[in-house]
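There are 4 protein chains.
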Amino acid sequence: MRTKSFNSVLSKYKAVFLDSYGVIKNHAGLIPDVQKAINHIRLTGMPLRVLTNDASRSPLLLAENFDKLGLRGIKPSEIITSGMMAKEYLVNKGKKGKVAYLGTNNSADYIRDADLEPISISKVNEANMHEISAVVFLDDEGYDWNKDLNTTVNLLRKYQIPAIVANSDVIYPVSKNNVAIATGGVAGLVENILGRDFIHYGKPDSQMFMYGFEQLNKIRKFNRKDILMVGDTLHTDILGGNKFGISTVLVLTGNTSAEEAQIKIKATGVIPDYICKSIVE
Amino acid sequence: MRTKSFNSVLSKYKAVFLDSYGVIKNHAGLIPDVQKAINHIRLTGMPLRVLTNDASRSPLLLAENFDKLGLRGIKPSEIITSGMMAKEYLVNKGKKGKVAYLGTNNSADYIRDADLEPISISKVNEANMHEISAVVFLDDEGYDWNKDLNTTVNLLRKYQIPAIVANSDVIYPVSKNNVAIATGGVAGLVENILGRDFIHYGKPDSQMFMYGFEQLNKIRKFNRKDILMVGDTLHTDILGGNKFGISTVLVLTGNTSAEEAQIKIKATGVIPDYICKSIVE
Amino acid sequence: MRTKSFNSVLSKYKAVFLDSYGVIKNHAGLIPDVQKAINHIRLTGMPLRVLTNDASRSPLLLAENFDKLGLRGIKPSEIITSGMMAKEYLVNKGKKGKVAYLGTNNSADYIRDADLEPISISKVNEANMHEISAVVFLDDEGYDWNKDLNTTVNLLRKYQIPAIVANSDVIYPVSKNNVAIATGGVAGLVENILGRDFIHYGKPDSQMFMYGFEQLNKIRKFNRKDILMVGDTLHTDILGGNKFGISTVLVLTGNTSAEEAQIKIKATGVIPDYICKSIVE
Amino acid sequence: MRTKSFNSVLSKYKAVFLDSYGVIKNHAGLIPDVQKAINHIRLTGMPLRVLTNDASRSPLLLAENFDKLGLRGIKPSEIITSGMMAKEYLVNKGKKGKVAYLGTNNSADYIRDADLEPISISKVNEANMHEISAVVFLDDEGYDWNKDLNTTVNLLRKYQIPAIVANSDVIYPVSKNNVAIATGGVAGLVENILGRDFIHYGKPDSQMFMYGFEQLNKIRKFNRKDILMVGDTLHTDILGGNKFGISTVLVLTGNTSAEEAQIKIKATGVIPDYICKSIVE
Numbered sequence: 150m151r152t153k154s155f156n157s158v159l160s161k162y163k164a165v166f167l168d169s170y171g172v173i174k175n176h177a178g179l180i181p182d183v184q185k186a187i188n189h190i191r192l193t194g195m196p197l198r199v200l201t202n203d204a205s206r207s208p209l210l211l212a213e214n215f216d217k218l219g220l221r222g223i224k225p226s227e228i229i230t231s232g233m234m235a236k237e238y239l240v241n242k243g244k245k246g247k248v249a250y251l252g253t254n255n256s257a258d259y260i261r262d263a264d265l266e267p268i269s270i271s272k273v274n275e276a277n278m279h280e281i282s283a284v285v286f287l288d289d290e291g292y293d294w295n296k297d298l299n300t301t302v303n304l305l306r307k308y309q310i311p312a313i314v315a316n317s318d319v320i321y322p323v324s325k326n327n328v329a330i331a332t333g334g335v336a337g338l339v340e341n342i343l344g345r346d347f348i349h350y351g352k353p354d355s356q357m358f359m360y361g362f363e364q365l366n367k368i369r370k371f372n373r374k375d376i377l378m379v380g381d382t383l384h385t386d387i388l389g390g391n392k393f394g395i396s397t398v399l400v401l402t403g404n405t406s407a408e409e410a411q412i413k414i415k416a417t418g419v420i421p422d423y424i425c426k427s428i429v430e
Numbered sequence: 150m151r152t153k154s155f156n157s158v159l160s161k162y163k164a165v166f167l168d169s170y171g172v173i174k175n176h177a178g179l180i181p182d183v184q185k186a187i188n189h190i191r192l193t194g195m196p197l198r199v200l201t202n203d204a205s206r207s208p209l210l211l212a213e214n215f216d217k218l219g220l221r222g223i224k225p226s227e228i229i230t231s232g233m234m235a236k237e238y239l240v241n242k243g244k245k246g247k248v249a250y251l252g253t254n255n256s257a258d259y260i261r262d263a264d265l266e267p268i269s270i271s272k273v274n275e276a277n278m279h280e281i282s283a284v285v286f287l288d289d290e291g292y293d294w295n296k297d298l299n300t301t302v303n304l305l306r307k308y309q310i311p312a313i314v315a316n317s318d319v320i321y322p323v324s325k326n327n328v329a330i331a332t333g334g335v336a337g338l339v340e341n342i343l344g345r346d347f348i349h350y351g352k353p354d355s356q357m358f359m360y361g362f363e364q365l366n367k368i369r370k371f372n373r374k375d376i377l378m379v380g381d382t383l384h385t386d387i388l389g390g391n392k393f394g395i396s397t398v399l400v401l402t403g404n405t406s407a408e409e410a411q412i413k414i415k416a417t418g419v420i421p422d423y424i425c426k427s428i429v430e
Numbered sequence: 150m151r152t153k154s155f156n157s158v159l160s161k162y163k164a165v166f167l168d169s170y171g172v173i174k175n176h177a178g179l180i181p182d183v184q185k186a187i188n189h190i191r192l193t194g195m196p197l198r199v200l201t202n203d204a205s206r207s208p209l210l211l212a213e214n215f216d217k218l219g220l221r222g223i224k225p226s227e228i229i230t231s232g233m234m235a236k237e238y239l240v241n242k243g244k245k246g247k248v249a250y251l252g253t254n255n256s257a258d259y260i261r262d263a264d265l266e267p268i269s270i271s272k273v274n275e276a277n278m279h280e281i282s283a284v285v286f287l288d289d290e291g292y293d294w295n296k297d298l299n300t301t302v303n304l305l306r307k308y309q310i311p312a313i314v315a316n317s318d319v320i321y322p323v324s325k326n327n328v329a330i331a332t333g334g335v336a337g338l339v340e341n342i343l344g345r346d347f348i349h350y351g352k353p354d355s356q357m358f359m360y361g362f363e364q365l366n367k368i369r370k371f372n373r374k375d376i377l378m379v380g381d382t383l384h385t386d387i388l389g390g391n392k393f394g395i396s397t398v399l400v401l402t403g404n405t406s407a408e409e410a411q412i413k414i415k416a417t418g419v420i421p422d423y424i425c426k427s428i429v430e
Numbered sequence: 150m151r152t153k154s155f156n157s158v159l160s161k162y163k164a165v166f167l168d169s170y171g172v173i174k175n176h177a178g179l180i181p182d183v184q185k186a187i188n189h190i191r192l193t194g195m196p197l198r199v200l201t202n203d204a205s206r207s208p209l210l211l212a213e214n215f216d217k218l219g220l221r222g223i224k225p226s227e228i229i230t231s232g233m234m235a236k237e238y239l240v241n242k243g244k245k246g247k248v249a250y251l252g253t254n255n256s257a258d259y260i261r262d263a264d265l266e267p268i269s270i271s272k273v274n275e276a277n278m279h280e281i282s283a284v285v286f287l288d289d290e291g292y293d294w295n296k297d298l299n300t301t302v303n304l305l306r307k308y309q310i311p312a313i314v315a316n317s318d319v320i321y322p323v324s325k326n327n328v329a330i331a332t333g334g335v336a337g338l339v340e341n342i343l344g345r346d347f348i349h350y351g352k353p354d355s356q357m358f359m360y361g362f363e364q365l366n367k368i369r370k371f372n373r374k375d376i377l378m379v380g381d382t383l384h385t386d387i388l389g390g391n392k393f394g395i396s397t398v399l400v401l402t403g404n405t406s407a408e409e410a411q412i413k414i415k416a417t418g419v420i421p422d423y424i425c426k427s428i429v430e
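Chains as they are written, first to last, in the working numbering: chain B, 150 to 430; chain U, 150 to 430; chain C, 150 to 430; chain H, 150 to 430.
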């Protein structure tokens with residue numbers, strides 16, 4: 150597959166979904182000249198949504214973070230997070246009682262936004278376990294993995310309550326050469342111990358794409374063929390976009406380097422419609 | 150969890166999704182008195198959709214089959230199959246060329262309906278392999294598992310083309326005591342051999358629920374809290390319904406017997422909102 | 150399968166392998182009257198070996214612990230641990246350099262016994278990473294899961310060095326109703342993140358059985374048909390014993406209760422030759 | 150890792166284990182000049198054993214096959230197959246009754262050699278199911294995958310009998326560019342359907358290495374450090390050899406090509422002690 154210019158690809162579509170990490174920014178800050186790319190999209194007038202596997206903070210805080218990094222003009226209402234899908238679950242299916250969460254206090258905003266009461270897993274004990282109505286994995290920080298994952302295992306063995314994984318990613322880059330275990334990796338440990346499949350949100354699952362699609366259709370009528378998904382990760386962005394029936398472009402500014410793109414595509418069988426160096430070029 | 154009367158549960162909702170196998174019919178034919186249950190739903194005036202993990206034949210043929218069994222009044226347009234999701238994929242993402250399928254000639258209707266040319270995997274060989282643009286797993290019958298699964302493995306090793314699993318179920322009952330390996334089981338063998346995840350459709354995936362939800366909203370405005378999903382299988386009907394954010398009821402006329410319901414719920418952590426003996430009682 | 154008297158079963162064999170946890174002791178201390186059972190085995194004159202998935206401390210410390218609990222007469226030389234298998238690996242395949250370990254200082258005895266230099270994973274950093282020649286998972290305690298598992302992931306991504314799991318158990322009981330995640334569970338998280346299979350020791354793997362079998366044959370000639378394996382866990386003690394070709398007895402004093410024995414045997418397809426209430430009865 | 154001359158590596162050891170497929174022969178026949186390599190080993194006087202994941206025929210027939218291909222001097226007693234491990238299981242743990250097998254008539258020799266009565270899975274039906282005392286997966290040929298795998302699934306759901314996988318390989322090459330699904334792949338389908346782990350024999354499992362080690366020690370005393378395992382496959386030959394504590398050499402005449410050796414070693418974390426082009430060079 151030959152690399153194409155992003156703008157030439159974009160010109161065939163009427164709306165665009167962008168992954169955040171690896172497409173707009175990375176561990177070192179903004180992708181160079183990404184403001185130019187966003188400005189170009191704005192000039193076309195096509196709607197844009199950022200689809201990010203992130204439940205560590207609200208769209209509001211994520212938008213503020215773009216701003217702090219120096220990227221102008223991404224509105225909170227344009228950001229769709231996997232945490233929002235978990236919030237939707239809690240709104241639709243949430244029971245009374247406290248919702249235990251694994252994450253930082255910022256991440257617990259998703260529970261507060263569902264009008265439920267969050268309690269950090271580090272505060273859960275034998276005495277208050279019976280009050281918990283659900284467990285949500287929101288972030289890899291904010292708790293003690295050893296102590297609190299054991300609490301989670303015992304809570305879920307004793308009480309029939311749902312467990313929700315608000316971000317299925319298993320790793321994330323923290324520097325050029327280092328990664329860290331992400332929320333989905335932590336949740337996977339507990340799932341393996343219990344022999345269960347929790348309720349997972351985040352790409353490649355269809356739910357975030359659907360949410361974005363519904364938002365676009367409130368603006369005006371869009372078909373799936375009108376939409377381009379841009380991502381740096383084959384098994385989330387590209388697999389999810391393909392499955393949802395929209396076009397997909399793999400960019401080489403994140404998880405998938407130019408050298409390994411063809412090898413990874415062949416090995417995984419996950420095939421993007423296009424490959425572009427970045428959303429800038 | 151106490152067993153409730155189905156009609157008392159139904160009365161709290163404005164629309165209903167029914168699984169087919171294990172809810173409306175089973176290996177022996179129709180569930181006793183199921184016509185009464187369907188008639189009751191009709192009397193309430195609420196819209197009904199049948200959501201079935203089936204890609205072996207079209208909604209038209211499935212509706213005819215209900216009729217032959219003696220159940221009146223299920224329209225083809227009320228039946229949503231996982232095969233339809235595969236068809237949608239082919240419509241949105243299908244490339245020119247032939248689509249190889251694993252299934253019977255009836256199942257290939259889903260490819261024809263996408264205006265693409267089906268070719269049975271049993272007809273694929275070294276000479277025509279290069280013409281194939283996608284592989285679709287539609288049914289467990291209609292091909293030779295030994296010879297044709299080996300063809301499938303080699304086709305997907307050599308060509309970068311997508312593989313779609315139009316029914317993720319791994320077994321289905323064929324008599325009171327016997328089961329058969331289903332399409333998802335067969336596809337799983339090929340996925341394990343290749344070390345890949347194919348594109349899967351069918352419950353518990355959100356796509357079918359979303360499709361049904363969009364159909365309902367063309368009639369009039371429905372919220373997720375208005376909808377009840379009825380199924381006999383925890384890890385497809387109930388997990389999928391819960392994840393999509395609608396209410397769920399487990400019935401005991403199929404895969405989950407009265408004796409094992411509580412044990413399975415505890416073991417899997419998949420928790421229905423209600424348990425009912427059947428949609429009749 | 151009917152429950153039998155342990156002594157009547159034992160009388161058919163010439164040597165016995167006992168699991169420790171769930172057979173000789175449990176979270177509350179010694180199994181009641183277990184001294185009587187050990188005394189009976191001693192009276193028969195048949196050799197006994199304790200086969201335990203444990204790499205947290207040496208056979209010497211484990212024997213002292215039996216003594217502290219009040220059980221007399223188990224010699225260190227009669228205890229075979231999965232940690233000893235990891236030590237054998239290091240003796241046979243160990244390279245110069247430091248061996249990073251996840252565990253307590255006690256567990257690092259297995260590395261010292263192989264004449265290699267242990268370094269706690271908590272002391273590994275960018276500056277000394279290049280000195281590490283292997284990683285060994287020995288215990289679930291003695292390090293910070295969050296920080297140090299991330300170190301482990303990055304170490305194994307950057308350097309081509311072997312990773313050894315000296316205890317494959319995923320959970321262990323800590324009280325009547327609570328469990329804790331064990332070494333094998335922690336290692337499994339890292340394996341999933343990296344997409345690798347580490348080198349695992351411990352039942353059901355054949356290596357410990359072979360080690361015990363070789364020890365017996367240094368006393369006098371034994372055939373496999375002469376040996377009885379006693380355990381409380383189907384997928385370690387019984388599966389491993391069956392695979393090694395020796396007879397197996399499931400006791401109901403640990404992981405498998407009387408109520409669930411038949412259900413678990415049916416579900417797993419792991420079938421002991423006998424079931425006994427305990428080694429006392 | 151630099152490629153070394155095989156003979157220079159061999160000169161450091163006192164005994165050698167060779168994989169068959171990919172080391173001595175491949176789909177096209179013998180590896181060029183392999184007779185020369187075997188002659189060289191014979192000249193050193195060191196004992197040689199062929200360790201092969203094969204249960205399709207007896208060591209006698211495999212030795213005859215080497216002879217037919219033109220390779221002289223491999224004795225049946227020097228060939229250790231995974232089928233022999235399954236036979237050992239049946240000898241040690243076999244119950245009265247018929248043993249159902251998936252494979253050709255040749256493969257059933259392993260059951261006959263255990264003095265048990267084989268019955269092809271294709272002959273098993275509702276009427277004689279109760280007579281079956283075990284199921285053995287021996288080969289990928291000799292039965293109808295669709296019909297007979299469904300029989301196997303139902304047999305194992307209804308009766309508590311052990312299932313043994315006599316060859317865990319999931320694929321094997323049938324030509325330069327084509328592979329076929331092997332016994333372990335077929336068994337894996339049934340294991341996934343049933344949610345069980347069968348009893349598996351064959352590399353990387355320790356049992357075959359142990360069997361070869363015991364044979365060598367009947368000749369004279371060998372330590373593990375004296376033995377070299379030669380194989381073309383990382384996750385069977387090399388992982389198994391490493392785990393058993395013997396030295397390992399990867400050759401590039403089979404599953405692992407020169408181009409991909411380093412990439413695969415890095416990806417899997419399975420690290421051979423040496424890499425050689427072939428056993429000839």
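C-beta: ideal position from N, C-alpha, C; glycine also.
For clarity, every value in this text was computed on a predicted model and none was experimentally measured.
In whole angstroms, what is the alpha-carbon distance linking residue i and residue j?
{"i": "lysine 174(U)", "j": "tyrosine 360(U)", "result": "23 Å"}
{"i": "aspartate 168(B)", "j": "valine 199(B)", "result": "6 Å"}
{"i": "glycine 403(U)", "j": "aspartate 203(U)", "result": "16 Å"}
{"i": "aspartate 262(U)", "j": "asparagine 255(H)", "result": "48 Å"}
{"i": "arginine 191(U)", "j": "lysine 224(U)", "result": "12 Å"}
{"i": "lysine 325(B)", "j": "leucine 179(B)", "result": "14 Å"}
{"i": "leucine 388(C)", "j": "tyrosine 350(C)", "result": "14 Å"}
{"i": "arginine 369(B)", "j": "glycine 194(B)", "result": "13 Å"}
{"i": "glutamate 227(B)", "j": "asparagine 341(B)", "result": "35 Å"}
Sorted by chain position, which residues of the same chain lie with C-beta nearer than 6 Å to residue i's C-beta, five sequence neighbours on each side aside?
{"i": "valine 319(H)", "result": "Ala331, Gly333, Gly334"}
{"i": "leucine 210(C)", "result": "none"}
Report the residue from the options whose alpha carbon sits nearest the alpha carbon of residue i.
{"i": "proline 267(C)", "options": "Ala276(C), Gly252(C), Asn326(C)", "result": "Gly252(C)"}
{"i": "histidine 384(H)", "options": "Ala410(H), Ile180(H), Ile260(H), Glu290(H)", "result": "Ala410(H)"}
{"i": "serine 271(C)", "options": "Glu280(C), Trp294(C), Ile260(C), Ala283(C)", "result": "Trp294(C)"}
If you drop the 5 nearest sequence neighbours on each side, which residues of the same chain put their C-beta closer than 7 Å to that of residue i?
{"i": "leucine 265(B)", "result": "Leu239, Gly243, Val248"}
Give, in chain order, every residue of the region 329-362 of chain C whose Cβ lies closer than 7 Å to some Cβ of chain B. Here the close residues are Ala329, Ile330, Gly334, Gly337, Leu338, Asn341, Ile342.
Which of the residues in the region 161-181 of chain U, read from start to end, lie with their CB under 8 Å from any CB of chain B? none
Residues from the region 375-390 of chain U in contact with chain B, defined by Cβ distance under 9 Å: His384, Leu388
Go through the region 314-390 of chain C residue by residue and report every complete run of the alpha helix (DSSP H) that reaches 4 residues or more, in order. Fully enclosed alpha helix (DSSP H) runs of 4 or longer: 332-343, 355-368.
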